[in-house]
Amino acid sequence: MPRIDLHKLIHELTKEREIPGTSLGHVKHSYRYHPTTQGWFFFLLTFMIMIAATTSGHNLLYLLVCVFLGVFIVMGNMAVMNLRSLRATRELPMEIYADTPIPVEIRVINPREVMDSFSIRLREIPNRDNSVEGEVFLPLVEKGKEASKEYWLKVSRRGWHELHGLEMQTRFPFGFWERSRTIL
């Protein structure tokens, strides 16, 4: 039986991969995970039931722990599938003034033919001096279609500004984890 180097495998699975193909540049395929308050509560509940199962030896508690851990696995895969292969473009007006909100139209394209994407939030990645801010929420991007929405972008000072890209986030399906990726 061949030996598998677990550290090398984890490194290969978690390293950033850059692919071309969006109007905003390239997509970093490193997904970031942040637990929400509900996620910490669910994890604590799972851990407490796991301790109760090991101390009491009841099979029903073991089954309940397995179901809860299965929810974690399904939730992780669904969230990554929800964000995968989505592309985004944005249209800015020709003139932008400091401290004046400007309308920006963002289009999110879902090229998949199998699955819709739900509960997508896009926000501008702030500059070093936090001079650019803007955010939009799309409840549904249907398969094979695009969804567009307008949001207000605010620039706090005059001069040249570099937009560092968009961060695409989702809490789909259960809201226990917030997963995000960056579109540059």
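Going by the numbering used here, the letters in the sequence shown line up with residues 2 to 185, in that order.
Backbone N, C-alpha and C fix where the C-beta goes; we use that ideal spot for every residue, glycine too.
Keep in mind the model is a prediction, meaning the values are calculated, not measured.
Problem - Three-state secondary structure assigned by DSSP to ILE107 - result: Of the three classes helix, strand and coil, the one that applies to ILE107 here is strand, per DSSP.
Practice task
Inspect the beta-carbon positions of ASN83 and SER31 and report whether they are closer than 8 Å.
Solution key: For the 8 Å CB-CB criterion, ASN83 and SER31 do not form a contact.
Problem - 8 Å Cβ shell around LYS155 - same chain, five flanking residues per side excluded - result: Excluding positions up to five away in sequence, the list reads ASP100, THR101, PRO102, ILE103, VAL133, GLU134, GLY135.
Exercise for the section: Buried or exposed for VAL115, please, with buried defined as at least 16 other CB atoms from any protein chain shown within 10 angstroms of its CB. Expected result: Exposed: under 16 other Cβ atoms inside 10 Å.
Problem - Best match in GLU143, LEU164, ARG158, PRO140 for proximity to PRO127 [C-alpha to C-alpha] - result: Answer by Cα proximity: LEU164.
Exercise for the section: Compute the Euclidean distance between the alpha carbons of TYR34 and MET49, then round it to the nearest angstrom. Expected result: Spanning the two alpha carbons is a distance of roughly 23 Å.
Exercise for the section: Quickly, what does DSSP pair SER138 with across the bridge? List them, please. Expected result: For the record, residue 138 in the displayed sequence is Phe; it is not Ser. Answer is ARG122, bridged to PHE138.
Problem - Spatial neighbours of GLU151 in its chain, beta-carbon cut-off 6 Å, leaving aside the 5 residues before and after - result: Excluding residues within five positions, the ones whose Cβ falls inside 6 Å are PRO104, GLU106.
Exercise for the section: Give me whichever residues DSSP pairs with ARG91 in a beta bridge. Expected result: In DSSP, ARG91 forms a bridge with ILE107.
Exercise for the section: Quick one: grab the DSSP three-state call for TRP153. Expected result: In the three-state DSSP reduction, TRP153 falls in the strand class (E or B).
Exercise for the section: Please list, in chain order, all residues of the same chain as LEU139 whose beta carbon is under 7 Å from its beta carbon, the five residues on each side excluded. Expected result: Answer for LEU139: VAL109, ILE121, ALA148, LYS150, listed in chain order.
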